[in-house]
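Asks: Protein chains in written order, with our numbering: chain F, 704 to 1020; chain B, -7 to 243. We treat Cβ as the ideally placed atom computed from N, Cα and C, and that holds for glycine.
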Amino acid sequence: MSVDTDDVSDRVTERLGDLKRMKRIRRFGMLLVVALVGVLFNLALDQVGFSIGEIIYYWPSFREALGQFFPTTTYVGGLVFLDFDAYWAFIVERGLFGKAIITLSMGFAGTLLGLPGALLLGVLGSERVTPFPFNFIFRGMMSTIRAIPALVWALIYIPLGGVTPFTATLAIGTDTMGNLGRLFTDALEEVETGPIEAIESTGADRRQTIVFGMLSQVVTPFIAWTMYILEINVRIAVTMGLIGGGGLGYVLSTERGLFHYTNMMATILVILVLVISVEMISQRTRSYIRADDDAETKGLLQLLTEFPQRMAESMWR
Amino acid sequence: MSTITVENLTKTYGDVEALVDISFEIPDGEFVVLLGESGAGKSTLLRCLNGLTSPTEGTISIGDEEITGPRDDVAMIFQQHYIIGQMSAYGNALTGSLNRTPFLRSLLQRNDRADKIEALNALDTVGLLDEAGQRAERMSGGQQQRVGIARALVQQPSLLLADEPVASLDPASAETVMGYIRDAAKSRNLTTIASLHQVNLAREFGERFVGLKDGELVFDGYREDLTVDVIDRIYGNIETSSIRNEREANA
């Protein structure tokens, strides 16, 4: 018994030593990684000319800008709060709701223009429609389209349509072919084999099998994905304005150029209302047509708090 | 319509022999039940008959024509019904007529009036005429399977195959669905081959029985020949003790 214990404890100490050694190696590796990231971070800051001094130096003027972003006024009873009248005056003066319609139209028309291409590429990109190596021709086309951000597509199309909402709409349409097409392909990979075989066994031809056996299974996801892309496209349409594509984004960039920060903030508020309205409508529709539990519906508050992140995400997609 | 002939049918998947040298002949209008444990080769046999799978050796023919792929006149009812959930019962039934509808017409849903009536008739046959406009995914399992039957009937087949058509249904629905299959087959004088693993149901609905065990044909005969010993041969002793008890009780 005691011999056994000695024997075991020998092996245990040996193992303990092993573990300690491994821990030391891991700790050393970790330090190395942290140091490396630190160096890279420093280099990156250097590249972008980041300096705390700059922030301190320009802080007063930024604070001034903030004051203009959020103008205040004294309401009855001595209450000091945001001056909504200043925002409203600009919204009415520049007809921002009309601009919102232009932005919305870019997103909506772009989505519809891209839809046929997305359907074609998406369906042909599925391995179940086009046999293996060949489907990558279409997948490759979609990847290429997606690799180029919508904003860059707009730059590419400028010789075609000038710096106009028209060019922006073409760019959004192109972007939609890549993004929506990819979502279609993914949805198709998930269709069940059973119904396809069932349609095959009725003696239907290949095209009929694709339409009735496969596509009929994904009608709802296709509609839902299209609504989702519409949401994104409206956000992209805002950023299109920044390069001169018209609509709300254009107002935003001109007012920034004029250093009219109150007007800028008024425009941002209208953008917020537009994008969130489209998102709410889209999400309600999606959860309605899906009619199942996993459909997410975000509340107004969540939509508001997550707005900056989604806006940023769609900027360069 | 004509005789179904299966000759020396063998199907192997790698080293696994799913079917070994099966031969039988079915004259017009017979209702045949395939018996066997799961894995005995029933599904493989049906898939070969349907042309979804091609045999390793041997042939299957309808009349003089050999089956080489899915055929317009061979219809299949699947265990999981495999109807399209997002389409209506009527739309699903109508897919049975795809083989005689040109692509564009089927895409635009400009089906022949005769086919539309055929689809509604088939739904009527399975007692679903009133539910024709209902979305298939909102229907009960039994109803969905009946839509599957309607689709098969719209195909105007000369051979109707059913792969465990009632295996995923509760006993009451199973009886109903089998009843619809039998009535549809009888009224159209339709040769039918259905696999069933419930011996009780098989005895109730089958006319002729083909028993498979480990891919081999161990029985081929009519109801009066389907003795308890035969069932033992097909299933081992598992399934039959209840039947034996039942019989003794009856006697």
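In three-state DSSP terms, what is SER82 of chain B?
Replies: What you label residue 82 of chain B is simply residue 90 of the second sequence in a count that begins at 1. Looking at the sequence shown, residue 82 of chain B is not Ser but Tyr. DSSP places TYR82 of chain B in helix when its eight states are reduced to three.
Asks: For GLU29 of chain B, which of B:SER53, B:VAL169, B:LEU86, B:VAL202 has the nearest alpha-carbon?
Replies: In the second sequence, residue 29 of chain B corresponds to position 37, counting from 1. Closest option to GLU29 of chain B, Cα to Cα, is B:VAL202.
Asks: So MET880 of chain F packs on GLY817 of chain F, CB below 8 Å; how close in whole Å?
Replies: Taking the first sequence and counting its residues from 1, the one referred to as residue 880 of chain F is at position 177. Taking the first sequence and counting its residues from 1, the one referred to as residue 817 of chain F is at position 114. Indeed they touch by this definition, with Cβ atoms about 5 Å apart.
Asks: Going residue by residue through the stretch 4 to 77 of chain B, where are the continuous beta strand (DSSP E) segments of at least 3 residues, counting only ones entirely within it?
Replies: The qualifying runs are 8 to 18, 23 to 27, 49 to 54, 66 to 69.
Asks: Assign ARG127 of chain B to one of three DSSP states: helix, strand, or coil.
Replies: Position 135 of the second sequence holds residue 127 of chain B. In this structure, ARG127 of chain B counts as strand in the three-state DSSP scheme.
Asks: Find the nearest neighbour of SER(-6) of chain B within the set B:GLU199, B:LYS205, B:THR184, judged by alpha-carbon distance.
Replies: Counting from one through the second sequence, the residue named residue -6 of chain B turns up at place 2. Taking only the C-alpha atoms, the option nearest SER(-6) of chain B is B:THR184.
Asks: Run down chain F in chain order and give the residues with a C-beta less than 9 Å from the C-beta of THR278 of chain B.
Replies: Since the first and last residues shown for chain B are -7 and 243, residue 278 of chain B lies out of range.
Asks: Determine contact between the stretch 5 to 24 of chain B and the stretch 208 to 217 of chain B, defined as no fewer than three beta-carbon pairs at a distance below 8 Å.
Replies: With a cut-off of 8 Å, the stretch 208 to 217 of chain B and the stretch 5 to 24 of chain B count as touching, because enough Cβ pairs lie within range.
Asks: Name, please, each residue of chain B whose Cβ falls closer than 8 Å to the Cβ of VAL922 of chain F.
Replies: Residue mapping note: residue 922 of chain F aligns to position 219 of the first sequence, counting from 1. Within 8 Å Cβ-Cβ: GLN78.
Asks: Would you say GLN147 of chain B lies against chain F (beta-carbon separation less than 8 Å)?
Replies: Taking the second sequence and counting its residues from 1, the one referred to as residue 147 of chain B is at position 155. Yes, its Cβ sits closer than 8 Å to a Cβ of chain F.
Asks: Give a yes or no on whether 8 Å exceeds the smallest Cβ distance from GLY897 of chain F to chain B.
Replies: Sequence index remark: in the first sequence, residue 897 of chain F carries index 194 (1-based). By this cut-off, GLY897 of chain F is an interface position.
Asks: Could you compute how far the alpha carbon of ASN42 of chain B sits from the alpha carbon of ILE141 of chain B?
Replies: Locating residue 42 of chain B in the second sequence gives position 50, where the first residue counts as 1. Locating residue 141 of chain B in the second sequence gives position 149, where the first residue counts as 1. Rounded to whole angstroms, ASN42 of chain B to ILE141 of chain B spans 15 Å at the Cα level.
Asks: Starting from ALA803 of chain F and walking both ways along the alpha helix (DSSP H), at which residues does that stretch end?
Replies: Here residue 803 of chain F refers to the residue found at position 100 of the first sequence. Element bounds for ALA803 of chain F: 799 to 828.
Asks: Does the CB of LEU99 of chain B have a neighbour CB from chain F at under 8 Å?
Replies: The residue labelled residue 99 of chain B in the question sits at position 107 within the second sequence. LEU99 of chain B counts as touching chain F.
Asks: Expressed to the nearest angstrom, what Euclidean distance is found between the alpha-carbon atoms of ALA81 of chain B and GLU129 of chain B?
Replies: Translated into positions along the second sequence, residue 81 of chain B becomes position 89. Translated into positions along the second sequence, residue 129 of chain B becomes position 137. So the two alpha carbons sit approximately 9 Å from each other.
Asks: Does DSSP classify VAL978 of chain F as helix, strand or coil?
Replies: Taking the first residue of the first sequence as 1, we reach residue 978 of chain F at position 275. The answer is helix: DSSP assigns VAL978 of chain F an H, G or I state.
Asks: Does the stretch 920 to 928 of chain F touch the stretch 950 to 963 of chain F, meaning 3 or more C-beta pairs lie closer than 8 Å?
Replies: Contact between the stretch 950 to 963 of chain F and the stretch 920 to 928 of chain F is absent, because fewer than three Cβ pairs lie under 8 Å.
Asks: Roughly how many angstroms separate the alpha carbons of SER187 of chain B and VAL25 of chain B, rounded to a whole number?
Replies: Position 195 of the second sequence, counting from 1, holds the residue named residue 187 of chain B. Position 33 of the second sequence, counting from 1, holds the residue named residue 25 of chain B. About 6 Å.
Asks: Which class does GLY741 of chain F belong to by DSSP, given the choice of helix, strand or coil?
Replies: As a first step, residue 741 of chain F must be located in the first sequence, where it is residue number 38. Here GLY741 of chain F sits in helix by DSSP.
Asks: Assign GLU216 of chain B to one of two classes, buried (16 or more other C-beta atoms within 10 Å of its C-beta) or exposed (fewer than that).
Replies: The residue you call residue 216 of chain B lines up with position 224 of the second sequence. Its Cβ having fewer than 16 others within 10 Å, GLU216 of chain B is exposed.
Asks: Among F:GLY947, F:ARG910, F:MET845, whose alpha-carbon lies nearest the alpha-carbon of ASP889 of chain F?
Replies: On the first sequence, residue 889 of chain F is found 186 positions in, with the first residue counted as 1. The option with the nearest alpha carbon to ASP889 of chain F is F:MET845.
Asks: Go ahead and label ASP997 of chain F buried or exposed: buried means 16 or more other beta carbons lie within 10 angstroms of its beta carbon, across all protein chains shown.
Replies: As a working note, residue 997 of chain F is residue 294 in the first sequence. Residue placement at ASP997 of chain F is poorly supported in this model, since its pLDDT is 45, which falls under 50; the coordinates are not used for a value here.
Asks: May I ask you to report which of helix, strand or coil DSSP gives THR663 of chain F?
Replies: One cannot answer for residue 663 of chain F here, as it falls past the ends of chain F, which runs 704 to 1020.
Asks: So the alpha helix (DSSP H) SER187 of chain B belongs to, where does it begin and stop?
Replies: As a position in the second sequence, residue 187 of chain B is number 195, starting the count at 1. Per DSSP, SER187 of chain B belongs to no alpha helix (DSSP H); it is in the beta strand (DSSP E), 183 to 187.
Asks: Is LEU218 of chain B helix, strand or coil by DSSP?
Replies: Along the second sequence, one-based indexing puts residue 218 of chain B at 226. DSSP places LEU218 of chain B in coil when its eight states are reduced to three.
Asks: Taking the alpha helix (DSSP H) that GLY881 of chain F falls in, what are its first and last residues?
Replies: Here residue 881 of chain F refers to the residue found at position 178 of the first sequence. Where GLY881 of chain F is concerned, the enclosing alpha helix (DSSP H) stretches over 868 to 892.
Asks: Using C-beta distances below 8 Å, list every residue in its chain close to PHE1010 of chain F, excluding the 5 sequence neighbours before and after it, in chain order.
Replies: By one-based count along the first sequence, residue 1010 of chain F stands at place 307. If we look at PHE1010 of chain F and ignore the five residues flanking it on each side, its Cβ neighbours are LEU975, VAL978, ILE979.
Asks: Could you tell me which residues DSSP puts in a beta bridge with VAL202 of chain B?
Replies: What you label residue 202 of chain B is simply residue 210 of the second sequence in a count that begins at 1. B:LEU26, B:ASP212, per the DSSP bridge assignment.
Asks: Rounded to whole angstroms, how far is the Cβ of THR929 of chain F from the Cβ of LEU883 of chain F, which I believe are closer than 8 Å?
Replies: Here residue 929 of chain F is taken as the residue at index 226 of the first sequence, counted from 1. Here residue 883 of chain F is taken as the residue at index 180 of the first sequence, counted from 1. Yes, THR929 of chain F and LEU883 of chain F are in contact; Cβ-Cβ is about 6 Å, under 8 Å.
Asks: Within 8 Å, do at least three Cβ pairs link the stretch 97 to 104 of chain B to the stretch 143 to 151 of chain B?
Replies: No, the stretch 143 to 151 of chain B is not in contact with the stretch 97 to 104 of chain B.
Asks: With H, G and I counted as helix, E and B as strand and the rest as coil, what does DSSP make of PHE787 of chain F?
Replies: Counting from one through the first sequence, the residue named residue 787 of chain F turns up at place 84. PHE787 of chain F falls in the helix class under three-state DSSP.
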